[in-house]
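Final position of the sequence shown in the working numbering is 916; the numbers increase by one with none missing. Backbone N, C-alpha and C fix where the C-beta goes; we use that ideal spot for every residue, glycine too. To start, the structure itself, in structure tokens.
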Amino acid sequence: MAELTLNTGDIAAALRDNLEDWSPSLESETMGYVTSVGDGVARVTGLPGAMASELLEFPDGLIGVALNLDEDSIGTVILGDASGIEEGDEVRSTGRVLSIPVGDELLGRVVDSLGNPIDGKGDLNTSERRPLETQAPSVVERQPVSAPLQTGIKAIDAMTPIGRGQRELIIGDRQTGKTAVVVDTILAQKGLGVKCIYVAIGQKNSTVAEVVDTLTEAGAMEYTVVVNASAGDSAALQMYAPYAGSAIGQHWMYKGEDALVVFDDLTKQAVAYREISLLLRRPPGREAYPGDVFYLHSRLLERCARLSDELGGG
603 MAELTLNTGD IAAALRDNLE DWSPSLESET MGYVTSVGDG VARVTGLPGA MASELLEFPD
663 GLIGVALNLD EDSIGTVILG DASGIEEGDE VRSTGRVLSI PVGDELLGRV VDSLGNPIDG
723 KGDLNTSERR PLETQAPSVV ERQPVSAPLQ TGIKAIDAMT PIGRGQRELI IGDRQTGKTA
783 VVVDTILAQK GLGVKCIYVA IGQKNSTVAE VVDTLTEAGA MEYTVVVNAS AGDSAALQMY
843 APYAGSAIGQ HWMYKGEDAL VVFDDLTKQA VAYREISLLL RRPPGREAYP GDVFYLHSRL
903 LERCARLSDE LGGG
């Protein structure tokens with residue numbers, strides 16, 4: 603029988619080679635579990651360090667937003683099809699908040715509330731992103747509204763002109779031409795250097811398609827982005843659609859450019875927010891709307907402003 607000999611020098615050299623290529627790494631992740639799920643809302647436990655509005659990762663790449671931070675669980679709204687989520691599924695913290703791609707690459711495109719293209723024209727070639735929820739500019743960061751925004755409607759421009767940095771409510775009964783007014787305003791911005799964002803909330807896809815066709819035929823899609831959260835989308839996507847449109851517009855505002863954002867309409871966003879709040883078992887108020895429904899709109903509309911010259915004047 604052959605004698606087995608061990609060369610300690612060879613063993614030491616082999617260990618040394620392996621240790622030179624090895625780099626220590628330490629990874630940690632917080633994991634929770636689904637305790638209940640239904641109607642696009644999931645209850646998650648085991649994530650004590652979760653932040654408000656933090657993105658949580660579910661199986662199959664689904665994303666949820668932590669809206670209710672209770673003592674022993676988290677009320678999470680699912681952004682997508684929640685039919686595949688079951689009780690006991692693992693949930694991971696991401697440490698990120700909801701954001702959307704921004705930039706000139708979005709001009710001429712139709713996207714959803716998360717910035718995903720839905721017009722069949724391929725992916726978006728942009729790496730810039732902005733969070734959907736941001737702090738509104740403070741008083742010292744603004745300047746008085748002084749430059750007019752032409753609507754193309756002589757009665758408005760002559761009698762009650764609208765200024766850049768202003769917020770304007772268009773109110774009226776059904777089928778009275780509210781959408782026609784804002785579409786005409788978008789068409790009037792051609793050649794004026796104003797980027798336009800049309801946010802459709804809770805509308806039929808056929809209605810949005812008609813608006814897109816009108817803008818395309820007039821050559822207005824060259825400077826317009828359409829954000830669509832249709833009536834068939836989840837309440838969460840309808841709720842976040844106006845914030846997505848505002849984030850897209852703020853990108854140009856902070857670059858010193860002018861942007862026009864149209865929300866059509868915020869009533870449907872409030873209805874979607876009411877649905878989510880009731881599913882999360884928040885205390886209802888008048889007409890079952892939650893008490894913070896006014897803050898839902900005020901923090902959105904206060905992001906519209908004309909910045910000071912030090913910040914570019916956008």
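- In the DSSP annotation of this structure, the continuous segment of the alpha helix (DSSP H) that includes Tyr845 starts and ends at 837-855.
- Partner residues in the beta bridge of Ser638, as assigned by DSSP, are Arg645.
- Taking C-beta atoms as the reference points, Leu726 and Glu707 count as a pair closer than 8 Å.
- Of the residues assessed, Lys756 falls on the exposed side of the cut-off, its CB having fewer than 16 other CB atoms within 10 angstroms.
- Contiguous beta strand (DSSP E) elements confined to the stretch 690-729 occur at 692-699, 701-703, taking only those with 3 or more residues.
- Scanning its chain for C-beta atoms nearer than 8 Å, with the 5 sequence neighbours on each side dropped, one finds around Pro750 the residues Asp759, Pro763, Ile764, Gly765, Arg766, in chain order.
- Judged by DSSP secondary structure, Ile676 falls within the beta strand (DSSP E) whose first and last residues are 676-681.
- The stretch 784-794 makes contact with the stretch 860-874; the number of CB pairs closer than 8 Å reaches 3 or more.
- Every beta strand (DSSP E) of 3 residues or more that sits fully in the stretch 722-794 is shown, in chain order, as 731-733.
- Counting along the chain, the unbroken beta strand (DSSP E) around Thr826 starts and ends at 826-831.
- In summary, Ala616 is exposed, with fewer than 16 beta-carbon neighbours lying within 10 Å of its beta-carbon over all protein chains present.
- Tyr897: member of the alpha helix (DSSP H) spanning 895-903, first to last residue.
- Taking C-beta separations shorter than 6 Å and ignoring five residues to either side along the sequence, the partners of Val704 in its chain run Glu730, Arg732, Ile850, His853, following chain order.
- Taking 8 Å as the cut-off, the Cβ atoms of Arg776 and Ala907 do not count as close.
- Rounded to whole angstroms, the gap between the alpha carbons of Gly724 and Pro650 is 39 Å.
- Assigned with DSSP and collapsed to three states, Ala872 falls in helix.
- Assignment of Pro885 by DSSP, reduced to helix, strand and coil, places it in the coil class.
- Secondary structure of Asp672 (DSSP, three-state): coil.
- In this structure, DSSP gives Met633 an extended state, which the three-state scheme calls strand.
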